[in-house]
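**Student:**
In our numbering, the protein residues as written are 274 to 767.
1) Out of 710, 463, 431, point me to the one whose CA is closest to residue 561's CA.
2) State buried or exposed for residue 457, treating a residue as buried only when at least 16 other CB atoms are found within 10 Å of its CB.
3) Compute the distance between the beta-carbons of residue 411 and residue 395, then report whether it is under 8 Å.
4) Tell me whether residue 709 sits in a helix, a strand or coil according to DSSP, three-state version.
5) State the start and end residues of the unbroken alpha helix (DSSP H) segment that holds residue 365.
6) Using 8 Å as the threshold, is the C-beta distance between residue 711 and residue 568 below it?
7) Using the Cα positions of residue 751 and residue 314, report the straight-line distance between them to the nearest angstrom.
8) How many angstroms separate the CA atom of residue 756 from the CA atom of residue 636?
9) Judging by CA-CA distance, which residue of 657, 285, 655, 681 is the nearest neighbour of residue 667?
10) Taking all protein chains shown into account, do 16 or more other C-beta atoms lie within 10 angstroms of the C-beta of residue 282, making it buried, or fewer, making it exposed?
11) Do you know how far the Cα of residue 342 is from the Cα of residue 405?
12) Nearest-angstrom Cα distance between residue 333 and residue 302?
13) Name the two residues that bound the continuous beta strand (DSSP E) containing residue 475.
14) Alpha carbon to alpha carbon, how far is residue 660 from residue 512? Give it in angstroms, no decimals.
15) Apart from the five residues just before and just after residue 576, which ones in its own chain have a Cβ nearer than 8 Å to its Cβ?
16) Would you kindly work out how many angstroms separate the C-alpha atoms of residue 288 and residue 690, rounded to a whole number?
17) Note down the Cα distance separating residue 718 from residue 727, rounded to an integer number of angstroms.
18) Going along the chain, which unbroken runs of the beta strand (DSSP E) with 3 or more residues stay wholly within the segment 572-625?
19) Mind checking whether residue 475 and residue 446 have CB atoms under 8 Å apart?
20) Less than 8 Å separating the beta-carbons of residue 613 and residue 725?
21) Within a Cβ cutoff of 8 Å, which residues of the same chain sit near residue 433, ignoring the five residues on either side of it in sequence?
22) Since residue 407 is in the alpha helix (DSSP H), which residue starts that stretch and which ends it?
23) If you count every other CB in all the chains shown that lies within 10 Å of the CB of residue 643, and 16 or more means buried, which is it?
24) Among 363, 715, 364, 337, whose alpha-carbon lies nearest the alpha-carbon of residue 351?
25) Below 8 Å on the Cβ atoms is my guess for residue 733 versus residue 627; work out the distance and round it to an integer in Å.
26) Does residue 458 come out as helix, strand or coil in the three-state DSSP assignment?
27) In three-state DSSP terms, what is residue 284?
28) Just how far apart, CA to CA, sit residue 621 and residue 615?
29) Given residue 583, which residues of its chain have a CB within under 8 Å of its CB, disregarding the five upstream and five downstream residues?
30) Using a Cβ-Cβ cutoff of less than 6 Å, which residues in the same chain neighbour residue 543 once the five nearest sequence positions on both sides are dropped?
31) With distances taken Cα to Cα, identify the nearest neighbour of residue 420 among 286, 558, 695.
32) Which residues does DSSP pair with residue 640 in a beta bridge?
33) What first and last residue would you give for the beta strand (DSSP E) that runs through residue 550?
34) Please go through the same chain and pick out, in chain order, the residues whose beta-carbon is closer than 8 Å to the beta-carbon of residue 498, but skip the five residues on each side of it.
35) In the structure shown, what three-state DSSP assignment does residue 674 receive?
36) For the beta strand (DSSP E) that contains residue 430, what are its first and last residues?
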């Protein structure tokens, strides 16, 4: 019996392999450079007549330096791990692991500023060409401005596989456009959940009730909404786009005019990817940031939002009064949070529902959020990087007369696939994923950690706890324009 319609194929996606440039003997470029420099110094020592003893010491130091930057410890080099240990020791010795704000603190003006590098930021408000108010988080020293889009996700609504494929393709197209602009540093997609209060459900019920609805029907609708919202967590999601701005436009805020023109096209296009996105104004940005560091204020902020009343909280007072960083947790406002970073991304192919389990609310996890960071390469740089990695892969695959290793062949296949994808219009970028779980009882951290690890394993992702970097992980998952790679003396895993 013939089929009446064509069968829709479920696409399989792949992230490829982490970017890697190789040099001598398959070693990294940095290790190759160290070995070459050490060998040159050894030759100079020999030519100058200082003796073989001095040259032997140079070779030993070169071997030690090469080992420090090439041998991996916890997916990081030994040199990086030693630097992290030294930074953590010096911070605790200076008492910088404890953050205090307020009138009696050392914070200028006695404000309750957000901790870390967010303390140097400020918020400016503007209106875009669609007459939608928006706010930009400005980091003047870094010359960046971050705009937040509040998102309503429609991925769990019933739809055909063909519709899912179209939405995924539109999302990929939206990410590819980020590389073409050339001034976007990174994009953070944050999806989290928190205990629901039912106020937003009640507001939605009131919005769909007509004036001529019989009182009995209206009462049934309100009671049904109240019943359905009991114990049901609320999903909170936003997209943070961080732009690089020049110093001149930063002085007079002229960059706001450029953003006002560009933003409508960005958030309107997200509707084709299944996201109803709207720019967040200053009040909404402050409320979102404060609810992350002070979960006890979530209900009050939500009530004011439903009533349409401003909370009156300034960006300078959005932070906690007390916060403390430990080796394995971040304590803030009576809560404890633990953060992870992606250690290994999915190496095999996967479907578009891969992250559903990790993003969805969990009955044993009080609060958690996932931040997917995308750092696009400029279109020209992406092409050169792909070509360079492809040349390295070809050299590694053909460097020996013996049978090629499976890893070398797999790497060559991935780089060839990347070249073909770029020829079809795809762009190059780097993905990183961070997860933060927040509990009100510190005794639940171990149990929550096990649940998060299992959810990540179900998504073919290996997570590593951000030991000695818990404050960095917490700020990163807030999605407020701060990422670890833009800071001096910080380390990265992927």
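From the three backbone atoms N, C-alpha and C, an ideal C-beta is built for every residue, glycine too.
Since we're looking at a predicted model, the values are computed, not measured.
**Tutor:** A quick look at the data gives this:
1) 463
2) buried
3) yes
4) strand
5) 351-366
6) yes
7) 47 Å
8) 29 Å
9) 681
10) exposed
11) 50 Å
12) 20 Å
13) Not the beta strand (DSSP E): residue 475 falls in the alpha helix (DSSP H), residues 472-481.
14) 31 Å
15) 470, 472
16) 11 Å
17) 14 Å
18) 595-598, 603-605, 608-617
19) no
20) yes
21) 281
22) Note, residue 407: premise wrong, no alpha helix (DSSP H); beta strand (DSSP E) at 406-412.
23) buried
24) 337
25) 7 Å
26) strand
27) coil
28) 16 Å
29) 556, 577
30) 550
31) 558
32) 711
33) 548-552
34) 471, 474, 475, 477, 478
35) Legend: pLDDT at residue 674 = 49, less than 50; position of this residue unreliable, value from coordinates given subsequently. Looking at residue 674 - three-state DSSP - the assignment turns out to be coil, as it is neither helix nor strand.
36) Premise fails: residue 430 is in no beta strand (DSSP E) and is neither H nor E.
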